[in-house]
Each structure stands twice: as structure tokens, then as C-alpha cells.
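Visitor:
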Amino acid sequence: MKKILESKTLRITLYALLFAVLTFAAYTTASAQDTAPTDDEVNAIAKQLFCPVCENTPLDVCPTEACRQWRELIRQMLAEGKTEQEIKDYFVANYGARVLSEPPRTGFNWLVYLVPPVLILAGAFALFNAFREWTKPKSAEAGSGQDEEAGASSDEDDYIQRLEEELKNRK
Amino acid sequence: MFAEFGFGVLVISFITTIYSGFAAFYGVQKKSASLVESARRAQLLTFPLLTIAAGVLIYMLVNSQFNVAFVYEVTSKSMPTYLKVTAWWGGQAGSLMFWAWLLAAFTSAVTLRKWDRDIEFLPWVIIVSSVTLTFFIGMNLFFENPFTRFWQINGQIIPSMFAPMAGAELFTPQDGNGLNPLLRHPGMVIHPPMLYLGFVAYVIPYAFAIAALVTGRTDDRWTRITRRWSLWAWLFLTLGLVLGGRWAYDVLGWGGYWGWDPVEIAAFMPWLTGTALLHSVMIQEKRGMLKHWNMILVILTYALVIFGTFLTRSGVLSSVHSFANSPIGPFFMGYVALTLIVSAALLIKRWPELRAETEMKSMLSREALFLFNNLLFMGILVVCFWGVISPLASELFTGTKITVGPPYYERATGPLFAGLLFLMAVAPLSAWGLSTVQTLGRVIWKSALVAVVVTALSSIFYTQNVYALIGFFLITLVLATTINEFWRGAAARMHAQKENFFTALIRLMGRNHRRYGGYIIHISMALMAIGILGIEIFQVQTQGTVAAGESLELAEYRVEYRELASWDDRGAAVNYTRSVVDIYENGVYIGQLYPRIDYYYDSQQNMTIPGQHATLKDDLYILLVDWQPVSNSGATFKIYVNPLVNWLWIGSFTFLFGLIFAAWPDKDPADEPVRRKVSHGNKQASAAD
Chain U
450 MKKILESKTL
460 RITLYALLFA
470 VLTFAAYTTA
480 SAQDTAPTDD
490 EVNAIAKQLF
500 CPVCENTPLD
510 VCPTEACRQW
520 RELIRQMLAE
530 GKTEQEIKDY
540 FVANYGARVL
550 SEPPRTGFNW
560 LVYLVPPVLI
570 LAGAFALFNA
580 FREWTKPKSA
590 EAGSGQDEEA
600 GASSDEDDYI
610 QRLEEELKNR
620 K
Chain C
92 MFAEFGFGVL
102 VISFITTIYS
112 GFAAFYGVQK
122 KSASLVESAR
132 RAQLLTFPLL
142 TIAAGVLIYM
152 LVNSQFNVAF
162 VYEVTSKSMP
172 TYLKVTAWWG
182 GQAGSLMFWA
192 WLLAAFTSAV
202 TLRKWDRDIE
212 FLPWVIIVSS
222 VTLTFFIGMN
232 LFFENPFTRF
242 WQINGQIIPS
252 MFAPMAGAEL
262 FTPQDGNGLN
272 PLLRHPGMVI
282 HPPMLYLGFV
292 AYVIPYAFAI
302 AALVTGRTDD
312 RWTRITRRWS
322 LWAWLFLTLG
332 LVLGGRWAYD
342 VLGWGGYWGW
352 DPVEIAAFMP
362 WLTGTALLHS
372 VMIQEKRGML
382 KHWNMILVIL
392 TYALVIFGTF
402 LTRSGVLSSV
412 HSFANSPIGP
422 FFMGYVALTL
432 IVSAALLIKR
442 WPELRAETEM
452 KSMLSREALF
462 LFNNLLFMGI
472 LVVCFWGVIS
482 PLASELFTGT
492 KITVGPPYYE
502 RATGPLFAGL
512 LFLMAVAPLS
522 AWGLSTVQTL
532 GRVIWKSALV
542 AVVVTALSSI
552 FYTQNVYALI
562 GFFLITLVLA
572 TTINEFWRGA
582 AARMHAQKEN
592 FFTALIRLMG
602 RNHRRYGGYI
612 IHISMALMAI
622 GILGIEIFQV
632 QTQGTVAAGE
642 SLELAEYRVE
652 YRELASWDDR
662 GAAVNYTRSV
672 VDIYENGVYI
682 GQLYPRIDYY
692 YDSQQNMTIP
702 GQHATLKDDL
712 YILLVDWQPV
722 SNSGATFKIY
732 VNPLVNWLWI
742 GSFTFLFGLI
752 FAAWPDKDPA
762 DEPVRRKVSH
772 GNKQASAAD
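As given, the protein sequences belong to chains U and C, one line each in that order.
All the letters of the first sequence, read from the start, carry residue numbers 450 to 620 under this note's numbering.
All the letters of the second sequence, read from the start, carry residue numbers 92 to 780 under this note's numbering.
(1) To the nearest angstrom, how far is it from the Cα of C:Leu-304 to the Cα of C:Ile-295?
(2) Counting C-beta neighbours from all protein chains within 10 Å, is the total for C:Leu-707 16 or more, i.e. buried, or is it exposed?
(3) Under 7 Å, Cβ to Cβ, is there at least one residue of chain U near C:Val-665?
(4) So with CB distances below 7 Å, who are the chain C contacts of U:Phe-499?
(5) Would you kindly work out how many angstroms separate the C-alpha atoms of C:Phe-197 and C:Met-600, rounded to a whole number?
(6) Given 6 Å as the limit, tell me if C:Trp-384 has its C-beta closer than that to any heavy atom belonging to the ligand PLP.
(7) May I ask which residues mark the beginning and end of the beta strand (DSSP E) holding C:Gln-696?
(8) Quick one: Cα of C:Gly-112 to Cα of U:Ser-550, how far?
(9) If you follow the beta strand (DSSP E) that C:Thr-636 is part of, which residue opens it and which one closes it?
(10) Taking only the alpha-carbon atoms, compute the straight-line gap between C:Ala-459 and C:Ser-453 and give it to the nearest angstrom.
(11) List, in order along the chain, the chain C residues whose C-beta lies closer than 9 Å to that of U:Asp-488?
(12) Looking at C:Ser-743 and C:Val-333, is the spacing between their C-beta atoms short of 7 Å?
(13) Thinking C:Asn-154 and C:Phe-241 are a contact (beta carbons under 8 Å), I'd like their distance in whole angstroms, please.
(14) With a CB to CB cut of under 8 Å and the five nearest residues on each side skipped, what residues in its chain are close to C:Trp-738?
(15) Of all the residues that make up the region 310-344 of chain C, which are near chain U by a beta-carbon distance shorter than 9 Å?
(16) Give the secondary structure of C:Pro-686 by DSSP, where H, G and I count as helix, E and B as strand, and everything else as coil.
(17) Within 8 Å, do at least three Cβ pairs link the region 481-492 of chain C to the region 382-401 of chain C?
(18) Taking DSSP's pairing of strands, which residues face C:Tyr-680 in a bridge?
(19) Is there a Cβ from chain U that is less than 7 Å from the Cβ of C:Asn-697?
(20) Would you report the Cα separation of C:Ala-145 and C:Phe-189, rounded to the nearest angstrom?
(21) Mind checking who C:Asn-733 pairs with in its DSSP beta bridge?
(22) Are there 16 or more other CB atoms within 10 angstroms of the CB of C:Glu-164, so buried, or fewer, so exposed?
(23) U:Gly-530 touches chain C at which residues, Cβ-Cβ below 9 Å?
(24) Give the DSSP-derived three-state secondary structure of C:Glu-235 in the structure shown.
(25) Closer than 7 Å by beta-carbon distance: list the chain C residues that pair up with U:Arg-547, in chain order.
(26) For U:Ile-569, would you say it is in contact with chain C, using Cβ-to-Cβ distances shorter than 7 Å as the test?
(27) Using a C-beta cutoff of 7 Å, does C:Thr-489 count as contacting chain U?
(28) Which residues in chain U have a C-beta closer than 7 Å to the C-beta of C:Ser-481? List them in chain order.
(29) Classify C:Ala-705 as buried or exposed, calling it buried when 16 or more other Cβ atoms lie within 10 Å of its own Cβ.
(30) With 7 Å as the limit, tell me which residues of the region 571-582 of chain U have their beta carbon closer than that to any beta carbon of chain C; keep them in chain order.
(31) Just checking: is the beta-carbon of C:Met-469 within a distance shorter than 7 Å of some beta-carbon in chain U?
(32) Below 8 Å, how does it come out for the region 304-320 of chain C and the region 436-448 of chain C: are there three or more Cβ pairs, yes or no?
(33) Mind listing the chain C neighbours of U:Phe-557? Cutoff is C-beta to C-beta under 7 Å, in chain order.
(34) Rounded to whole angstroms, what's the CA-CA distance from U:Ile-566 to U:Gly-572? Just pull it up for me.
(35) Count the other CB atoms within 10 Å of the CB of C:Pro-421; is the residue buried (16 or more) or exposed (fewer)?
(36) Looking at C:Ala-358 and C:Leu-274, is the spacing between their C-beta atoms short of 7 Å?
See below:
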């Protein structure tokens with residue numbers, strides 16, 4: 450094996466191969482730089498980021514000069530071949546978590562995501578409990594008397610009932 | 092001279108409203124009708140007083156008296172007169188004064204009503220109004236004085252009401268700052284007053300609720316008196332929100348109408364509790380239930396109105412620390428806390444007296460479904476409140492700033508809104524008291540069938556997006572059941588009264604404005620939902636730089652750039668850059684649009700005005716982003732296609748109609764039922780009923 454590797458012709462072939470690969474690689478990266486990132490590609494990322502200086506303005510629509518430069522920065526990074534995640538990470542590292550449209554799911558921020566569903570479920574639970582309470586025990590004794598009372602006190606019920614009767618009679 | 096006069100009047104109105112509150116309080120304690128009457132008259136006096144103060148401010152705004160700091164901040168010589176007038180609410184001090192002025196107007200209107208058997212409410216309504224008014228005028232006097240002037244001493248300019256030290260001289264700048272160009276749009280001229288009308292009108296139901304709690308008259312009298320107030324408040328708040336959305340769509344240049352910005356949410360939160368209240372008050376009137384809950388809702392609405400004003404005015408949103416620096420922030424916060432504590436204490440005191448008069452019988456009854464509706468509204472409120480609060484909490488407790496943006500709100504509120512649509516379809520069909528699956532099923536199956544067919548068709552011809560299809564299903568269900576309600580009612584009348592369809596429909600609606608106005612509002616909400624769904628799910632966009640004669644393509648549209656011109660309007664101190672583009676749909680020429688950018692020299696700000704081609708199908712929305720100033724050869728455009736969005740605006744118009752219809756007084760005090768067949772012909776009997 451060693452001998453074969455040392456053989457001169459083979460070594461030349463290997464060098465040639467390496468050279469070919471390198472030139473090809475160089476060629477492809479060069480052509481990638483030729484096709485600059487489009488505005489749409491830039492905006493797709495900028496849309497997910499928030500302007501670090503203006504309040505609550507997504508970066509893709511922020512009209513300030515600073516934001517225009519940030520969009521250029523995204524374009525540059527895209528041209529360098531950075532991925533979407535890398536670009537976002539770069540912005541977070543430089544300007545803090547506030548550039549993300551949602552806080553990262555870590556530590557204190559979990560509260561952002563957990564409090565509303567917990568409260569809503571608690572509300573739903575309370576409501577269902579109240580229903581069980583209301584519909585279960587006393588309704589039998591109060592029964593029909595209240596039904597009539599409710600019917601009489603509400604003109605609209607009466608109205609609907611008559612409407613319904615009307616409809617039935619028609620058929 | 093004018094500034095001192097205006098300030099003086101403001102001080103007098105402050106003293107008057109404080110007097111009014113105390114007089115009403117002592118009037119109750121001493122059972123003195125004349126003291127209460129004196130309080131009422133003092134309360135009435137605040138309106139003309141504040142009108143004079145406002146008149147002085149407007150006079151100075153129109154006449155460019157830049158010596159006054161507020162006039163300097165919000166106007167400039169080049170502004171047209173109508174904008175100088177509306178600049179009144181274009182800045183902090185002025186808008187707080189505007190708030191106070193509206194409140195004085197509403198309180199006057201309410202104290203002028205015939206009190207007769209509700210006279211015991213009067214002093215407490217006056218007290219609540221005068222406390223609120225004292226708060227707002229106080230803020231004007233002590234923190235945000237619209238009459239503050241510029242003084243010059245030793246080359247220094249000091250803003251102060253009166254000469255800060257001996258030797259100081261009044262200083263008058265050459266020209267004012269000018270109103271923020273974003274606020275010079277007609278939408279912005281009407282949007283804040285609408286929102287404020289809505290905000291302030293909610294003070295009245297709250298005042299009556301507190302009066303009911305204090306006096307122990309906890310029946311539904313207070314809700315009946317304030318029903319129309321709540322309705323108008325709700326109308327103005329909704330209009331304010333819609334106009335704000337339209338303004339954002341036309342002026343802010345980001346192709347949308349709602350960005351879940353905390354300022355927007357601040358106005359949206361009282362709307363949520365207000366809408367819940369509108370529904371649950373009906374349960375109290377029909378069934379004598381939920382008295383506690385209605386109290387809680389009206390208290391919450393009032394607190395959220397103040398909180399909303401606080402959020403937008405205190406600077407707390409930009410940073411917790413600027414809140415601490417702003418003098419009005421802590422003052423506001425304290426007032427909200429005070430209101431909540433006092434209201435809660437009163438509510439707890441009266442808790443046992445507010446027990447329900449009837450029992451809940453079925454989970455499918457109208458009142459039960461209304462409770463679910465309330466649960467969903469409260470759910471959306473929780474999401475909104477928490478979304479606004481958590482960035483502040485994060486900054487306060489961890490020191491890091493975070494953004495809670497649209498993805499959070501959309502994910503959390505989407506299912507809740509869907510649930511609301513479902514209830515909107517089902518609840519009007521269910522009966523008060525008792526409903527079963529059978530009774531509901533019998534009335535809903537046809538509409539459900541229509542909804543299934545429409546959904547199936549749209550899945551074949553329009554979209555396979557699951558969320559969109561769920562949305563379409565629910566929207567069709569709402570439309571079908573609601574329209575069917577009109578049809579059933581009219582058909583019954585046609586049969587019984589031998590009327591033709593239109594007479595029947597008009598008489599049917601005329602007999603019960605509240606009910607059918609409500610249905611029109613439901614239909615409008617469904618139409619608006621179509622627009623919201625369209626833009627949220629199907630919006631597409633592209634951006635590109637093109638030379639003259641070249642085009643950009645998006646969806647079925649092609650936008651061809653023709654030319655661009657830039658010129659100065661010296662008088663208005665604005666530079667206009669206007670582009671001309673031809674638009675083609677599927678290759679067919681459909682017209683020309685003129686996206687432009689206005690640059691305001693005095694405030695050095697750009698305003699991007701889109702070119703819009705609006706149809707029922709979609710909205711083609713083109714923004715001029717950039718251009719090459721020298722060669723005029725190329726320009727950058729951002730193009731959006733916003734499908735179905737115009738249904739949002741159409742729905743807003745029908746909504747307005749529905750609400751005015753609902754607020755229109757019924758001819759008869761009681762709803763006149765459709766006459767039965769047996770009583771048909773017996774006109775005297777039916778006239779008596």
C-alpha cells in the first residue's frame with residue numbers, strides 16, 4: 450500500500466483531483482454570491498424579529514433608518530450563507546430576547562405561556578361546578594311553578610313560543 | 092392672558108366638581124334634598140366651565156399661540172385649521188382635558204334625566220362622576236397642564252404656568268413642532284374621540300352600579316337605566332377600534348390593520364368586558380340571575396377604561412422605568428387600585444342580597460350559553476391582559492425586556508374566538524330556561540347542513556387550510572342560523588297577518604329592536620370574521636426593485652412600474668413622492684395606482700400612503716418603499732394581496748346600522764307578540780296587550 454501511494458503518477462492524480470474539487474467548490478460559492486438574497490427572503494426573517502429601538506414594530510415594516518440597516522445586515526448574513534436560526538441567534542445575542550416576537554420558553558418566561566391557560570381552565574372548572582350546583586338539587590321542588598313564572602315574566606319567551614306554534618301549525 | 096384665563100377656569104371647574112361630590116355626600120348623610128340639588132347643579136356647571144376652558148385652548152391652537160407649550164408641541168403654522176382644532180386630542184395634556192370635558196357632558200346629560208323613583212341613585216351617581224372628574228381635571232392641573240407657557244430667563248427656556256422667578260419673560264417660538272404626520276389622517280381625527288366617547292360613556296353604567304350597591308337597590312333597575320348608555324358606549328368603542336384599524340391599514344404602511352400592539356389592546360380590553368356585560372345583563376333582566384357577575388363586569392370595565400388610558404398615557408409601555416419617571420403613572424395606578432378596592436368592598440358588603448331569583452335548569456339554556464360566552468370573553472381578556480403585563484413584569488423582576496407579539500395572541504385567542512362564533516350561531520336558537528339537544532337540533536340542522544355544504548365547496552375550490560375551513564364552517568353557521576331567524580319570524584307573520592314578506596320583515600324587526608338589532612350585529616361580526624380570516628391566513632406579499640417598464644408579480648396580479656415624480660408643497664411644508672403603476676389581473680389591465688410617500692419637513696417624518704385596489708375578493712395593496720432619487724430609473728415596491736379583507740369594513744358598516752337599530756326605542760314599551768290565530772281579527776284585544 451505504502452508503495453502504491455508513493456508512486457509518482459498516483460500522487461499527481463490525487464493532487465489534480467484535489468485541485469478540481471477545490472476549484473469546483475470555489476466556483477459554486479462564487480456563483481452563490483452572485484445570486485444575492487431577494488427582498489422577500491430578507492423580509493421573511495425580518496418579519497419574525499422586532500425592531501430593537503421602536504416599540505412593538507416588526508423589523509420588516511419598520512420605516513426607520515436603523516431598521517433599514519438591520520435589514521441590510523440580514524441580507525449580508527444571508528449572502529454569507531447563514532441560516533435563519535443563526536441570524537435570529539445573532540440578533541438575540543446582540544440586542545436581547547426582546548427582538549423575538551415571542552419570549553424564549555425558558556425560566557421566568559414560562560409564566561407568559563402558562564398563566565392564561567391555567568386561569569381559563571380554572572374559570573371553566575368554576576363554571577362547570579356552578580352548573581352542577583345549580584342544576585342538581587333544588588330544581589325538583591322549585592319545579593314547574595317557577596317555569597310558569599319565568600314564562601310569564603318574559604314577553605320574549607312568550608313571543609318565541611307563539612312563533613314556534615305558528616310554525617308548527619303551518620306544516 | 093388667554094392661558095391664565097383658561098387655567099383659571101380649569102381651577103374653578105376643579106373646585107366645582109369637588110364641591111359637587113362633597114355636597115352630594117353630605118346631602119345623603121343629612122338627608123337634605125336641597126344639598127343634593129345643589130350638588131346636581133354644581134355638576135351641571137362643570138360642563139359649561141370645561142367648555143370655556145376647551146374653547147380657550149382651541150382658540151390658542153387655531154391662532155398658533157406658540158407661547159403655550161401644548162400649542163407648540165402639536166401644531167405648526169402650516170397646518171390647516173381643522174387639524175389645529177383636532178390637535179386638541181393630539182397630545183397628552185389636551186387629550187386628558189378632552190376626557191374630562193366628555194365626562195362632564197355625559198354626567199350633565201345623566202343628571203338632567205327625570206329621576207322620579209330613582210332619586211336615591213342621584214347623589215351616588217354624582218359622587219362617582221365627580222370623583223372621576225376630579226381625578227382627570229386634577230391630572231390636568233397638577234401634572235399635564237395644557238396652558239403651561241414658555242418663559243425665558245438668562246437665556247434659558249423654562250416651561251411653567253406662571254413666571255418661574257422674578258425677571259423671567261414670556262418666550263414665543265417662531266413656529267410649532269407640528270402634529271405628528273401619522274395623526275393628520277382623517278381616520279385619526281375621528282378615531283380618538285370615538286374611543287374616548289366609548290371609554291367615558293362606560294363611567295355612567297359604573298356610577299349607577301355603585302349607586303345600586305350603596306343604596307341596596309340591587310334589582311335590575313340599574314341595568315335598565317344604563318342599558319342605552321352601555322349600548323352607546325359599546326358602539327363608540329367598537330367604532331373607535333374599527334376606525335383605528337382602518338387608519339393603521341391606510342397610513343402605517345404594513346399591510347395590516349391590527350398588530351396586537353399594547354396600545355391597541357388597551358382599548359380592546361374594556362370592549363371585551365363591555366361585550367360580555369351586554370350579554371349577561373340580559374340574563375339578569377330575563378331571569379334575575381348573575382347579579383354578582385354583572386357588578387363584577389361593570390366594575391372591571393370601568394377599571395379597564397382607566398387602566399387603558401393609563402397604559403397609553405403613562406409611558407409605562409416603553410419601559411417600566413419611564414413609568415416611574417412619569418408623574419401621572421403612579422397617580423393613575425393608585426386611582427385604579429382605589430377604584431377596585433372600594434368597588435370590591437361594596438360588592439362584598441351586598442353579596443348576599445344579590446342572590447339569584449331563579450335557578451339554572453339546563454346547560455343548553457340561553458342563560459347557560461351566555462355564561463359560556465362570558466367565559467370565552469374573560470378568557471380573551473386574560474390572554475390580552477397577561478400579554479400586556481408580562482413584558483412589564485419581566486423587566487421589573489428579571490431586568491430583561493421581552494416582546495409578546497402577534498404569534499402569542501393569535502395562538503391563544505384563535506380557539507376562543509372560534510368558540511364565540513359557535514355560540515353566536517347556537518345561543519340565539521336556544522330558549523331561556525330550558526333547552527335540550529333535541530330542541531336545539533331541530534332548529535339548527537338545516538343551517539348546519541348549509542354550513543357543511545359551504546365548507547365542502549370551499550375545500551374543493553378555495554383552500555385546504557384546516558383553520559380556514561373551520562372558520563368558514565362557523566361563519567356560515569352563524570350567517571345561516573341568524574338569517575333563518577329573520578326568515579322564520581317573517582314567515583310566521585306572513586302567515587298570521589297575511590302580510591307580504593317585506594312588510595312582515597319590517598314589522599317583525601320594528602316590534603323588537605333590541606333582538607333584531609342584535610342579530611344584525613351578529614351577522615356583521617360574521618362578515619368581519621370573514622375579513623379577518625382572509626387577511627390572517629391568506630395574505631401574501633412580495634418586495635422588489637424594478638426599473639420603469641418592469642413589473643412585479645404576486646398571486647394573479649402584475650404590477651408594472653411606470654413613472655415617479657417628487658415635488659414640494661411649500662405651503663404645507665410637505666414633500667410628495669408619487670409613483671404611478673399599472674395593475675393587471677390575469678394579464679388584463681384593470682387600472683392605475685399611485686403609492687406615495689409624504690415627507691413632512693417640520694417633524695422630519697415619512698408617511699407611506701399605499702395604492703389600493705379593493706374588491707370583495709381581495710385587496711391589492713402597494714407600498715412605495717424606496718426609489719433612486721437621481722436617475723428615477725428604479726423604485727422598490729412592497730405588494731400585499733389581502734384576500735377577503737374588505738368584508739371587515741363592510742361588516743363594520745352593517746354593524747353600525749345594527750347597533751343604531753338596536754338602540755332605537757321600541758314603539759311599545761312591551762314587545763308585542765305575534766297574534767295567535769284565535770285572536771286574529773280581534774284588534775281590540777291585541778291592541779290592549
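Beta carbons are placed, not taken as given, at the ideal position from N, Cα and C, and that holds for glycine.
It should be emphasised that the depicted structure is a prediction, and the values quoted were computed from it without experimental measurement.
Guide: Working from what's here:
(1) Taking the first residue of the second sequence as 1, we reach residue 304 of chain C at position 213. Taking the first residue of the second sequence as 1, we reach residue 295 of chain C at position 204. One C-alpha to the other measures close to 14 Å.
(2) Residue 707 of chain C sits at position 616 when you count from the first residue of the second sequence. By the 10 Å Cβ count, C:Leu-707 comes out exposed.
(3) On the second sequence, residue 665 of chain C is found 574 positions in, with the first residue counted as 1. Not an interface residue.
(4) Locating residue 499 of chain U in the first sequence gives position 50, counting from the first residue. Residues of chain C passing the Cβ test: Thr-494, Gly-496.
(5) Taking the second sequence and counting its residues from 1, the one referred to as residue 197 of chain C is at position 106. Taking the second sequence and counting its residues from 1, the one referred to as residue 600 of chain C is at position 509. Each residue's alpha carbon lies about 30 Å from the other.
(6) This structure lacks the ligand PLP, and indeed carries no ligand of any kind.
(7) Locating residue 696 of chain C in the second sequence gives position 605, counting from the first residue. Looking at the DSSP string, the run of the beta strand (DSSP E) that includes C:Gln-696 is 696-700.
(8) Residue numbering aside, residue 112 of chain C sits at position 21 when the second sequence is read from its first letter. Residue numbering aside, residue 550 of chain U sits at position 101 when the first sequence is read from its first letter. Those two C-alpha atoms are separated by around 47 Å.
(9) If you number the second sequence from 1, residue 636 of chain C lands on position 545. Counting along the chain, the beta strand (DSSP E) containing C:Thr-636 begins and ends at 631-638.
(10) Position 368 of the second sequence holds residue 459 of chain C. Position 362 of the second sequence holds residue 453 of chain C. Distance between the alpha carbons of C:Ala-459 and C:Ser-453: 7 Å.
(11) Within the first sequence, the letter at position 39 stands for residue 488 of chain U. Residues of chain C passing the Cβ test: Thr-633, Gln-634, Gly-635, Thr-636, Val-716, Thr-727, Lys-729.
(12) What you label residue 333 of chain C is simply residue 242 of the second sequence in a count that begins at 1. What you label residue 743 of chain C is simply residue 652 of the second sequence in a count that begins at 1. In contact: C:Val-333 and C:Ser-743 (Cβ atoms closer than 7 Å).
(13) Residue mapping note: residue 154 of chain C aligns to position 63 of the second sequence, counting from 1. Residue mapping note: residue 241 of chain C aligns to position 150 of the second sequence, counting from 1. Incorrect: roughly 16 Å between the Cβ atoms, too far for contact.
(14) Numbered from its first residue, the second sequence carries residue 738 of chain C at position 647. Closer than 8 Å at the Cβ level, and outside the excluded window around C:Trp-738, lie Leu-618, Met-619, Ile-621, Gly-622, Gly-625, Leu-707.
(15) Leu-343, Gly-344
(16) As a first step, residue 686 of chain C must be located in the second sequence, where it is residue number 595. It is coil, neither helix nor strand.
(17) no
(18) Looking up residue 680 of chain C in the second sequence gives position 589. DSSP, once it has assigned bridges, lists C:Tyr-675 as partnering C:Tyr-680.
(19) In the second sequence, counting from the first residue as 1, residue 697 of chain C sits at position 606. Cβ-Cβ to chain U under 7 Å: yes for C:Asn-697.
(20) Mapped onto the second sequence, residue 145 of chain C falls at position 54. Mapped onto the second sequence, residue 189 of chain C falls at position 98. Cα-Cα distance, rounded: 8 Å.
(21) Taking the first residue of the second sequence as position 1, residue 733 of chain C is located at position 642. Paired residues: C:Asp-710.
(22) As a position in the second sequence, residue 164 of chain C is number 73, starting the count at 1. It counts as buried.
(23) To locate residue 530 of chain U, count along the first sequence from 1; it is residue 81. Per Cβ cutoff of 9 Å: no residues; U:Gly-530 is ~22 Å from chain C at best.
(24) Taking the second sequence and counting its residues from 1, the one referred to as residue 235 of chain C is at position 144. Coil.
(25) Position 98 of the first sequence, counting from 1, holds the residue named residue 547 of chain U. Chain C residues near U:Arg-547: Lys-492, Ile-493, Thr-494.
(26) Sequence index remark: in the first sequence, residue 569 of chain U carries index 120 (1-based). At least one chain C Cβ lies under 7 Å of U:Ile-569.
(27) On the second sequence, residue 489 of chain C is found 398 positions in, with the first residue counted as 1. So, interface residue.
(28) Stepping through the second sequence from its first residue, residue 481 of chain C is reached at position 390. Result: Leu-560, Val-561.
(29) As a first step, residue 705 of chain C is located in the second sequence; it is residue number 614 there, counting from the start. Exposed.
(30) Gly-572, Ala-573, Leu-576, Phe-580
(31) Here residue 469 of chain C refers to the residue found at position 378 of the second sequence. It does; some Cβ of chain U falls within 7 Å.
(32) yes
(33) Taking the first sequence and counting its residues from 1, one reaches residue 557 of chain U at position 108. The answer, in chain order, is Ser-485, Phe-488, Thr-489.
(34) Counting from one through the first sequence, the residue named residue 566 of chain U turns up at place 117. Counting from one through the first sequence, the residue named residue 572 of chain U turns up at place 123. The question names Ile, but residue 566 of chain U in the sequence shown is Pro. U:Pro-566 and U:Gly-572: Cα-Cα distance of roughly 10 Å.
(35) On the second sequence, position 330 is the one that residue 421 of chain C refers to. Exposed, by the Cβ-count rule.
(36) Against the second sequence, residue 274 of chain C aligns to sequence position 183. Against the second sequence, residue 358 of chain C aligns to sequence position 267. No; because the gap between Cβ atoms is not below 7 Å, this pair is not in contact.
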